[in-house]
Structures are given as structure tokens and as C-alpha cells.
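Working notes for the structure below.
Residue numbers (the working numbering), protein chains in the order written: chain U, 434 to 687; chain H, 434 to 687.
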């Protein structure tokens, strides 16, 4: 890393994920925060902007001088109606990419989602690899797939680096059977983000989950290409599912 | 085929492709034509509607009583600006799928495009198979990829049958080297459409080109799953590229 810290813009920084990343990456980078509507009572960083990402002229100034963007802003609910995902995740996505390109931003990390592939999950068609054809389970997932494709285009056409993270379930601790395979801990996502920002990957789509022993989604690419070394595993926080993995324990000498 | 002809809606029927399909499929189906703005002087079919597909309430009534849709309407230029492709190919696409679903339409054939994969072509990364990850060469291509993904979702979620055609270069006759590999003749596309309408395929994405000897895109799926038997080959209309394929001709007995 150079002596000067990289300028990193976090969009949607008031959300659950944005708040955690701000706390965990604030020492490593020179952060700028973007809030879509309201500013938290005590913003964790002085450099912030308030802008609706669906308004190009409002969001464009946030890109000036930025090295990388962690793009979290958008409609986050997989149950959202078309009008909401359309505004935030289609028009808003275009505005962020286009204004970032014009400002010369080097790299965008995009908060995509497992819902892009959710129909494989409903069919329990596991394992899932990131490069399989997309099968969204919702209009939300359709618009996040759009965001990934837009990034592919901006990479191919303009050389901008784009890394799509298909985020699992971002939670402090895993709480149920679904979290067992899809949990993403705050520290593991923070690690994925800094590794991605500092990697030599031009473009890629990666599942972003912790090192869950019971995972159904491939993270080999995240390990090999990004150097990801997850520190958490949902199974360590939950009752055993299949019993002890070393099933011969206790039988030695019998 | 039942004694009663299927009701087939052609959207964007005033365009080049729409006009040809109307002529060629008018005997086989009970057609309804959709025109986005202007009605041709002499519409080829009495049953027609005029509606902007970006206006949900305007387009929805066109779906009533329809068995299948050949969905051609949209912004057709790969050089189009975001505002144009966004309105016609994102909002318009959603309106067509959502209103078709509500009206109980059985199947949609979607006029997608080779531009969804255009960056492979620019890299001459051939052959291209339809199920590779998308790499659009333009915002137009990005929005057509969105249309394919939306169809995947409507198939998975609601059981609607969706067939995406990645149309090559629809021309009366091939005219240059690019057409040699990407030509789609009017009669071959008409055949693809009726085979798709009458097939048992629930969902699929297919390259729509003629049986060009110099093709770079896979049409095996079109042949096997849809029963496509192309009648045209661009090489038959153009000067030889590599000389005669049977290069031993004339050497026999030498």
C-alpha cells in the first residue's frame, strides 16, 4: 500500500453492512460515506454526501477523487415491488457506474446477492458455482443480476475493474439452519472487501459468505483469486447437524 | 395443431422483422399486431393495437386471449443511449412480461440479440455457446440481457414458457463478411418462431441465425431442442472464403 491511503467511497453507508464496514475499514482507507436520504446522528466519518442514487446529478459529485467504491446503496429487500427495485437497482446502478467512469474511478465492489441464483436454491440444485446461468428468485434478484451485467460491460468496454459479491446472510451471529450455509460475518466481509480492493482481479463474480462447513455455494474463486481466508464458520456457533465429522472417534481400539 | 388457430401477438409489428413475420405466419396463426406508435397505412391484419410498451396500462389490454407472444418491440439500435434502452427495453420489457402473466399468456418468444455476447465477438473468442456468462458490448446489449433474465424469472416463478432468441443479422440477403457468420434469413426466423411456439421447451436461450457454414455461434440447441432445420446459408450467396471445401476435387487420378 502506498503511504497515502486510498480514497474509498461506501454507498448506502447508513445500512447495517455499511455501518460495519465503516467501522472496520476506517483505519485502512480514507473513507467517504454516501447516505441515500438521512444522515446518522453521528456520522463515523467527516467526509460524507447525501444523495438519491436515482438522481444522476445528485450522486455524480460523490465520485470525485475516489479510488474504489463499495457500492451497497440500493433497494435491499428481496420482497420489494418492481417500482422500488427499478428505481434504486436499475436507474441508480446505472448512475453510479456512469458517473464513476466519468470520474475515473478505478474499481467498484458491487453488493450483489445470492438471490441472483435463488431458484437453484429453491430446487436445492447444489452446489452452485458463480458462473452458472443466473436464475433469480425475485424482481430484486433480477435487478441485481442487471447490476452484475452492467459491471461486466463497464469492465469490458472501459477497463473499469468490477468485483461482484453475491452476499449471503450478513449477520452478527448465525441463528438458524439457513444461516448455517449462507452466513457472512462482518469481519469476513470486511476482509473480502479489502482483499478485493487490493487484488489484481480485473473482473469477477464471487460468493461472499463465511467459511461455513455446511456451505452450498462455491467460494473457491474467492480463496484463489482474491486470497480470501475466512475466519468464521456458522457450524461453530450451532448444534451439530450430522454429528461429529470424525465419526470413528471413540471406536479406536474397539 | 388444434382446429382453432393459436392467437399470437407480435409486438413491434411495424418493424422490419415484424413485417416479415406477419406475412409469413399469417396463415398459420390468428395474429394480433402491436404497433408502438404509428399504424402502417395498410395493416396486414385487422386485429391490432397501438400502445407504448413503456406504459403499463396502455399495453396490458393487448394480452387478452393471447396464447403466445413474439416480443419484438423495443429500442433496436445497439448504439442507443441509456434513456432510450432503459425506457423501452427495461420498463417496457417488465410491462410486457407482467401483463402477459396476469392475462395467462402461455409462452413468450423474446427478440434478444447477439449483442448480449458481443464482447466475445470483439475478442474473437469463438465459438460462443448460449449458456456462457453474458458479455454485452453496449448498454443496448445490457438491457437485452436484462430481458432474458426477467424471462428466466417469469419461467421459474410463474411457469410461463420463455424462449430467448439471440438474433444475428436479419437481412433479405447477406451482403458482407460479417453477414457470412451472423445472417438470419426471413424464412429461417419464421421457421424458428413457429417451431418455438409449437415446441415442448419450457425455457431456453438460442442463437437465431441461418445455417451459415461460417457461423461462430452454436445452434446445436436450436436444432436439437426446437427441431430447427435452417434452409439458408450465407456462404451460398457470397464468394468462397477458403476455396472449395472439397479441396481434393480435380486431383482425383493425378
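No residue lacks a Cβ here, since even glycine has one placed at the ideal position from N, Cα and C.
Only a predicted model underlies this, so the values are computations on that prediction, with no experimental measurement involved.
Annotation: the continuous alpha helix (DSSP H) that includes residue 529/H extends over 525 to 535.
Taking a cut-off of 8 Å for Cβ pairs, the stretch 470 to 487 of chain H and the stretch 508 to 518 of chain H do not touch, as fewer than three such pairs fall below it. For residue 548/H, there is no enclosing beta strand (DSSP E), since its DSSP letter is neither H nor E. For the 8 Å CB-CB criterion, residue 463/H and residue 441/H form a contact. The beta carbon of residue 644/U sits closer than 6 Å to the beta carbons of 663 and 666 from its chain, once the five residues preceding and following it are set aside; these are given in chain order. Boundaries for residue 670/H: no beta strand (DSSP E) harbours it, and the DSSP string shows neither H nor E there. Beta-bridge partners assigned by DSSP to residue 617/H: 603/H. When C-beta distances to chain H are compared with 8 Å, every residue of the stretch 645 to 678 of chain U stays at or above that value. Under a criterion of Cβ atoms nearer than 7 Å, the residues of chain H adjacent to residue 552/U are, in order, 589. For chain H, the residues of the stretch 580 to 607 of chain U that bring a beta carbon within less than 8 Å of one of its beta carbons are 582, 583, 585, 586, 589 and 590, in chain order. With respect to residue 484/U, residue 467/U sits close: the two C-beta atoms are nearer than 8 Å. When 524/U, 554/U, 500/U and 457/U are compared, the shortest CA-CA separation from residue 538/U is found for 500/U. Under the DSSP assignment, residue 655/H falls in the alpha helix (DSSP H) whose first and last residues are 653 to 659. Residues of the stretch 564 to 580 of chain H whose Cβ lies closer than 9 Å to any Cβ of chain U, in chain order: 564, 565, 566, 567, 568, 569, 570, 571, 572, 574, 575, 576, 578 and 579.
The C-beta of residue 555/U has fewer than 16 other C-beta atoms within 10 Å across all chains shown, which makes the residue exposed. Cα atoms of residue 601/U and residue 615/U: separation of roughly 5 Å, rounded to the nearest angstrom.
As a beta-bridge residue in DSSP terms, residue 543/U pairs with 504/U and 597/U.
By the neighbour-count criterion, in which 16 or more other beta carbons inside 10 Å mark a residue as buried, residue 525/U falls on the buried side. In the displayed model, residue 462/U falls within coil according to three-state DSSP, outside both helix and strand. Neighbours of residue 515/U across chain H, judged by C-beta separation under 8 Å: 527 and 531.
Nearest neighbour of residue 570/U by Cα position, chosen from 577/U, 549/U and 561/U, turns out to be 549/U.
For residue 523/U, the nearest beta carbon of chain H is closer than 8 Å to its own beta carbon. Between the alpha carbons of residue 482/U and residue 465/U lies a distance of about 8 Å.
Distance from the CA of residue 606/U to the CA of residue 611/H, rounded to the nearest whole angstrom, comes to 56 Å. Taking 8 Å as the cut-off, the beta carbon of residue 519/H is found closer than this to the beta carbon of residue 576/H. For residue 630/U, the secondary structure class from DSSP, reduced to helix, strand or coil, is helix.
Sorting 457/U, 487/U, 542/U and 581/U by C-alpha distance to the C-alpha of residue 630/U places 542/U at the top. The C-beta separation of residue 623/H from residue 458/H comes to about 6 Å, placing the pair in contact by the 8 Å criterion. Ranked by how close their Cα comes to the Cα of residue 672/H, the residues 634/H, 641/H and 608/H have 608/H in first place. The C-beta distance from residue 594/U to residue 588/U rounds to 7 Å, short enough to fall under 8 Å. In this structure, the CA atom of residue 444/H is about 43 Å from the CA atom of residue 642/U. A straight-line Cα-Cα distance of about 18 Å links residue 450/H and residue 574/H. When the Cα atoms are used, residue 568/U and residue 546/U turn out to be separated by approximately 12 Å.
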